[in-house]
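Residue numbers (this note's numbering), protein chains in the order written: chain A, 135 to 379; chain B, -19 to 173; chain C, 212 to 702. Okay, structure first, notes after.
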Amino acid sequence: MNNNVFQAESIKRGLVLDPRTKLLLLVTMSVFVLSSAGGKGLEFLAPCLCIVPFVLLLTSKKFKSTILYAIIYLTAIMMLILLRPITNGVVNFLILGTAGIVTRFMPSIMVGMYVLSTTTVSEFNAAMLRLNVSEKIIIPLSVMFRFFPTVLDEFSSINAAMRMRGISLGGKNVTKMLEYRLVPLLTCSVKIGEELSAAALTRGLGGNVKRTNVCEIGFHLQDMVIIFLCFVPFALMLLSRCGIL
Amino acid sequence: MKNERLKGKDLINVGIFTAIYFVIVFAVSMLGYIPIFMPLLCVIVPVLGGIPFMLFLTKVKKSGMIFIMSIIMGILMLLTGMGYYSIVVGAISGIIAELIFKSGSYKNATRAVITSGVFSIWVWGNYIPLFLNIEGYFSTRQGYGQEYISALTSLMPAWMCPVLLGSAFISGIFGGLLGKAILKKHFKKAGIA
Amino acid sequence: MIEIKNISFRYENSESSVLNDISTKIYDGEVVLICGESGCGKTSVTRLINGLIPHYYEGTMVGEVTVNNLDVSRSELYETAKLVGSVFQNPRSQFFCVDTTSGIAFGCENMGLPENEVRKRIKKVANEQNINHLLERSIFNLSGGEKQKVACASVSAVYPSVLVLDEPTSNLDIHAIYNLREIVHEWKRQGKTVIISEHRIHWLLDICDRVIYMQAGAIQMDCPMEEFSRLKPETIQKMGLRPLTLNYHQYIKKTSRLQDTIDFHNFRYSYKEKNNALNISNLSLPRNGIIAVIGHNGAGKSTFSKCLCGLERKFNGSVTLNGLKIKKQKLLKKCYMVMQDVNHQLFCESVLEEVRLGMSEENKDKVEEVLTMLDLTAVAERHPMSLSGGQKQRVAIASALLADKELLIFDEPTSGLGYRHMKETAELLLNLKGKRSIFIVTHDPDLISSCCTHILHLENGCVKESYPFDEIGEQRLEIYFDEIKKEVTIL
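Rendered as structure tokens:
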């Protein structure tokens, strides 16, 4: 995850989607791919939706991830189609297990990756604000996203310090290794957190007025298209439940 | 307890600890890409998460903080593409955890350990898609044949579902105990707990 | 007007009170410096004014503080925030947002100002403070100085009438300090009241109107700047303050010239984003001396120290010491860096255990000796994290000495320290001179003049100058610092 969790710098992005659209996409993926709702007659949905992350990653110019995704997903499908009939026993079982999990989780996770790497924290906050999510959730969420890089930063400093002291991972004692890492990590993070709270409070956080947000978000043509596409599977599911399809 | 309302300071604390908790969870769940380890995550995540969580509990003095953290873990799972089930599960287990810790007036150490156990149940939400809607899932995969279905069911048989729930809870208790030990050994002395 | 009436305060969990019956008035448009040794209560005074005492830092308080007739200790923090803007010492922990524009907007958003108004203010503030190039950036890609600029901008955007700066230069290099001076100047021009608690005074001489000197929680001296700046250097030193002018004239008596050398070969390193962050093919420095590593931000100082410690995995250079060639893996064993945030390198539950961790077997009997030398015997059983900053630094040094490290690297060891603590660190380093080779990455002229024997000046990844710190060296150093001052003031 390094630095790309919600750290997108606005210049580098391709096609911009509203964060709310992205959330809808995530829900759609998890309903139809992750948990394969829809039932009989809609089995074509999951493979169709698997193209979604491919397209999205392409539009955001993440070519490396796009190719990786395509290769892994196609390999999994190939394994199911080609290798399954000719193997048996443990191998067959392993292939089915691995490929099954990959085809189920991977598309959804890739959409997650797309969302995280193309959204900025301010955009996400603005979206949550528009969705009328409570401040009590938005504030901790934004602190958290701001804090990820800090935690990782601390972590790498601690790692460096450990290497200089000649204590490194793979040592004999797993619990000691964990302790050496987690104790300074938590201590430092808590201290930075205290300073951060003080700074935020002197800038008026937690007042009795509703916060505003300068970040501009809004639905564009591309959002409309995606929202429409997201509704199609839901509509199909509804129709098939009613027995029309 | 003169001021019950959550203030900026409390909400920021929730954010900070959720960040630490999630970074640890995320680092561990890389193991989950190896399918055999997937069920094991239900054990590792709560045990390791127990350490920051117990430190977090020392900062909890008002109601709502545990619940919010639980919900945020759920939102994070949705954002990372693991589905929305953790939000639902997290909301329920979060409320229960909240009530348990509250009943010990936010300082009882035994209740804190149980709270850690209950809180950890959010992890279980990630496994639900594997069990939910199982007929629907298989009906769409008839093409792969009976063999495939039996293979998948033997990998993730239905009885695994409550087992995973239980192991999340028990591992969470273990994590709580571990966290409690480290609190005593380090954080109290270092003056941050 | 700010009025402090008979304030006494004691922090929760602390035995003695930090402020004892303080009273003063600060008039609109005044620029006031609060100085004193660490622990004198200067930071607490700033916290009184912005309301963090008693709302965030709890404790027992008597007395009254008003800012423009608002009773700060009884109003909510978000009310005070409209009047008083605060800048803190650690630029890393002042931002709630990850991008600079939202960071500047943050205060205004909290007041619920309409979006268009906030955008207008961002533009205005960015123009005033010359930071248009810093807008829309991730704060994680900014230098400390740039972050502090953005922090100042975010405070300005709320249009407060009072500004409180709590040791704002602790983590800044000289360049950034002069930049900050320009900002304070701008505030002064706008007629704002500015209160700065600081231990580095030189940059404030021609800005502040008034100086409040504190000692043990009480105001000892309160006078106009003209009067204060006429105090003799010895008086200033006795008061425990840093010198008023950057002076380089106290270099230590030259010891017999050190014959041995450390030789560096092929010190090159490139990052993904930056080619040739470090590019030194050959360099020879005196062994067992104290070498100050100076240079602008991004000159390659930290890359140099990381490579020297063997921390960069793709680094291929080597060091010749004692005729022995030391490569990357061995460097990790021979070198130790005392980081700016020492908390990163303390792992154990007691000082004794900490210094023993990673110790080589034959040093077993030396533990006592080293602890005594570093004045740590009394705290040997304490948890390292519970010690003071200086003690933590000494624990880190002790563990390095016991692990037989030959090269010690210090990253900004004194930037946040007052005069006395800075001198203590310098003494400690002088003690090690002749036994270990010491590198200090620093921007602190006082520290350099108190203990260094050699200067290594890096610029753009290359060695710009390398000279012994003697009469001539002192002049060259003076030129270096003067040039920085000119650079910024012209802007």
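Beta carbons are placed, not taken as given, at the ideal position from N, Cα and C, and that holds for glycine.
- If only uninterrupted beta strand (DSSP E) runs of at least 3 residues are considered, those enclosed by the stretch 313 to 401 of chain C are 373 to 377.
- Look at C/Ala591 here: in three-state DSSP terms it is coil, with no helix or strand label.
- Taking C-beta atoms as the reference points, C/Asn477 and C/Gly672 fail to come closer than 7 Å.
- Shown here, C/Lys644 sits in a strand according to DSSP, grouped into three states.
- Taking C-beta atoms as the reference points, A/Met311 and B/Thr(-2) fail to come closer than 7 Å.
- Taking a beta-carbon distance threshold of 7 Å, A/Pro274 counts as an interface residue toward chain B.
- Apart from the 5 residues on each side of it in sequence, C/Leu532 sits with its Cβ closer than 6 Å to the Cβ of Ile473 in its chain, given in chain order.
- Within chain C, not a single residue places a beta-carbon under 7 Å from that of A/Thr209; the smallest gap is close to 29 Å.
- Proximity to C/Lys335 across C/Phe317, C/Leu353, C/Ile350 and C/Tyr370 peaks at C/Tyr370, based on C-alpha coordinates.
- A/Glu328: member of the alpha helix (DSSP H) spanning Val308 to Thr336, first to last residue.
- With contacts defined by Cβ atoms closer than 7 Å, B/Ile172 and A/Val324 form a contacting pair.
- The beta carbon of B/Gly171 falls within 7 Å of a beta carbon belonging to chain C, placing the residue at that interface.
- Distance from the CA atom of C/Pro656 to the CA atom of C/Gln359, rounded to whole angstroms, is 21 Å.
- For C/Ser516, no chain A residue has a C-beta closer than 7 Å to its own C-beta; the minimum C-beta separation is roughly 11 Å.
- Going by DSSP, B/Leu110 is part of no beta strand (DSSP E) but of the alpha helix (DSSP H) stretching over Ile108 to Phe111.
- Between the C-alpha atoms of C/Glu592 and C/Glu564 there is a straight-line separation of about 9 Å.
- Taking 7 Å as the CB threshold, B/Lys165 lines the interface with chain C.
- With 16 or more neighbouring CB atoms inside 10 Å of its own CB, C/Pro302 falls in the buried class.
- Residue environment analysis places A/Cys376 among the exposed positions, since fewer than 16 neighbouring C-beta atoms fall within 10 angstroms of its C-beta.
- Within a 10 Å sphere around the beta-carbon of C/Asp377 sit 16 or more other beta-carbons, which makes this residue buried.
- Fewer than three Cβ pairs drawn from the stretch 234 to 252 of chain C and the stretch 140 to 151 of chain B lie within less than 8 Å of each other, which leaves the two stretches out of contact.
- For B/Leu(-9), the neighbours in chain A by C-beta distance under 7 Å run, in chain order, Lys270, Ile273 and Pro274.
- Taking 7 Å as the cut-off, the beta carbon of A/Ile326 is found no closer than this to the beta carbon of C/His555.
- With a cutoff of 7 Å on beta-carbon distance, C/Ala611 and C/Leu619 are scored as near each other.
- The beta carbon of C/Tyr289 lies closer than 6 Å to none in the same chain, with the five residues before and after it left out.
- For B/Ile52, there is no enclosing beta strand (DSSP E); the residue is part of the alpha helix (DSSP H) that begins and ends at Met45 to Leu59.
- DSSP, reduced to helix, strand and coil, places C/Glu226 outside both helices and strands of the structure shown, so it counts as coil.
- Beta-bridge partners of C/Thr446 (DSSP): none assigned.
- At least one beta carbon of chain B lies nearer than 7 Å to the beta carbon of A/Phe281.
- For A/Lys195, the nearest beta carbon of chain C is not closer than 7 Å to its own beta carbon.
- Sequence-distant partners of A/Ile229 (beyond 5 residues in either direction) whose C-beta falls short of 7 Å from its own C-beta, in its chain, are Met213, Leu217, Arg218 and Thr221.
- Taking every protein chain shown into account, the CB of A/Pro181 has fewer than 16 other CB atoms within 10 angstroms, so this residue is exposed.
- For the pair of segments examined, the stretch 233 to 250 of chain A was found to touch the stretch 159 to 170 of chain A: the number of CB pairs separated by less than 8 Å reaches three.
- Only residues of its own chain outside the window of five on either side were considered, and among them Gly314, Ile315, Phe317 and Gly318 have a CB closer than 7 Å to the CB of C/Ser365, listed in chain order.
- Interface with chain B (7 Å Cβ-Cβ cutoff): C/Ser597 is included.
- Using a C-beta cut-off of 8 Å, the stretch 540 to 553 of chain C makes no contact with the stretch 269 to 285 of chain A, since fewer than three inter-stretch Cβ pairs fall below that distance.
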